[in-house]
Structure formats: structure tokens, C-alpha cells
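In the numbering used here, the protein residues as written are 311 to 434. We treat Cβ as the ideally placed atom computed from N, Cα and C, and that holds for glycine.
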């Protein structure tokens, strides 16, 4: 079975029996540790995927806001090189979070039973 490029390597393909177990484990790693205490999220992976998507999308927005305000908010509290290092953290974490959000999206779609097909890009 084809899986899209955004499919996380930690999750077995949907064509493999019991693939949802690996999806649940991976999704639980994408949310705060306290989510593990809720059995309903293990029993209903679609609910877990939805919560993970909202959590990560909120983290993306928070990172964008943090990046925009970091230099101004920290200029009297940190030396310039430290501010630049903080901005570098945002520059690394932002794209990581976006990749994670895309991966959560494809796993959620698979949990809903959606199949994936390979397409040629850039052709006319």
C-alpha cells in the first residue's frame, strides 16, 4: 500500500495488521504526557489524532507568535547573541512542528479509512 511522503516512519503502513497500535504510540508522543492517562484516547485513535492535531497546530501558532515577539520582549533581558540563539530555536522548531502537523494529518486520514494513491507532480 502506498503511503504519502508525510507518513511518519514510526507508524506502520495501514496495510499492516494492527497498524493502529503504532499510530497510537506515535500520536501519544506528539501530545503532553498527561494524555496517556486517558484510556479513551487509546481506544479511539481518531479522537487522539484530532486532539494531537489541535495541540500541534496550537504549538505552531505559539511558536510563530514567540518568534515575532522574541527580539523585542527579550532585548533588555538577554545579550544579542542569546536572542539570536533563541530565534534559531524557533527557526528549527517551527518547521519541525509543521512537519509533525502534516504527519498527524495523514495518520488521521488513514484512521478514518481514507486510502492514498501516488500521483505525479509537476507534469502537465
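Among the options, which residue has its Cα nearest to the Cα of residue i?
{"i": "residue 363", "options": "392, 426 and 336", "result": "336"}
{"i": "residue 411", "options": "359, 384 and 424", "result": "359"}
{"i": "residue 449", "options": "425, 370, 324 and 419", "result": "Look at the range of the chain in this structure, 311 to 434, and you will see that residue 449 is not part of it."}
Taking all protein chains shown into account, do 16 or more other C-beta atoms lie within 10 angstroms of the C-beta of residue i, making it buried, or fewer, making it exposed?
{"i": "residue 326", "result": "exposed"}
{"i": "residue 334", "result": "buried"}
{"i": "residue 355", "result": "buried"}
{"i": "residue 390", "result": "exposed"}
{"i": "residue 342", "result": "exposed"}
{"i": "residue 383", "result": "exposed"}
{"i": "residue 413", "result": "buried"}
For a quick check, are the C-beta atoms of residue i and residue j less than 8 Å apart?
{"i": "residue 372", "j": "residue 404", "result": "no"}
{"i": "residue 340", "j": "residue 366", "result": "yes"}
{"i": "residue 396", "j": "residue 380", "result": "yes"}
{"i": "residue 332", "j": "residue 322", "result": "yes"}
From the DSSP output, in three-state form, read off residue i for me.
{"i": "residue 419", "result": "helix"}
{"i": "residue 340", "result": "coil"}
{"i": "residue 434", "result": "Unreliable positioning characterises residue 434 in this predicted model, as indicated by a pLDDT of 46, which lies under 50. The coordinate reading is nonetheless provided below. Reduced to three states, the DSSP call for residue 434 is coil."}
{"i": "residue 403", "result": "helix"}
{"i": "residue 388", "result": "coil"}
{"i": "residue 319", "result": "coil"}
{"i": "residue 425", "result": "coil"}
{"i": "residue 312", "result": "coil"}
{"i": "residue 411", "result": "helix"}
{"i": "residue 396", "result": "helix"}
{"i": "residue 334", "result": "helix"}
Check the Cβ-Cβ distances between residue i and every residue of chain B, and say whether any is below 8 Å.
{"i": "residue 388", "result": "This model lacks chain B altogether; it includes just one protein chain."}
Is residue i near the ligand HEM, going by C-beta to nearest heavy atom under 7 Å?
{"i": "residue 333", "result": "You won't find the ligand HEM in this model; it holds no ligand whatsoever."}
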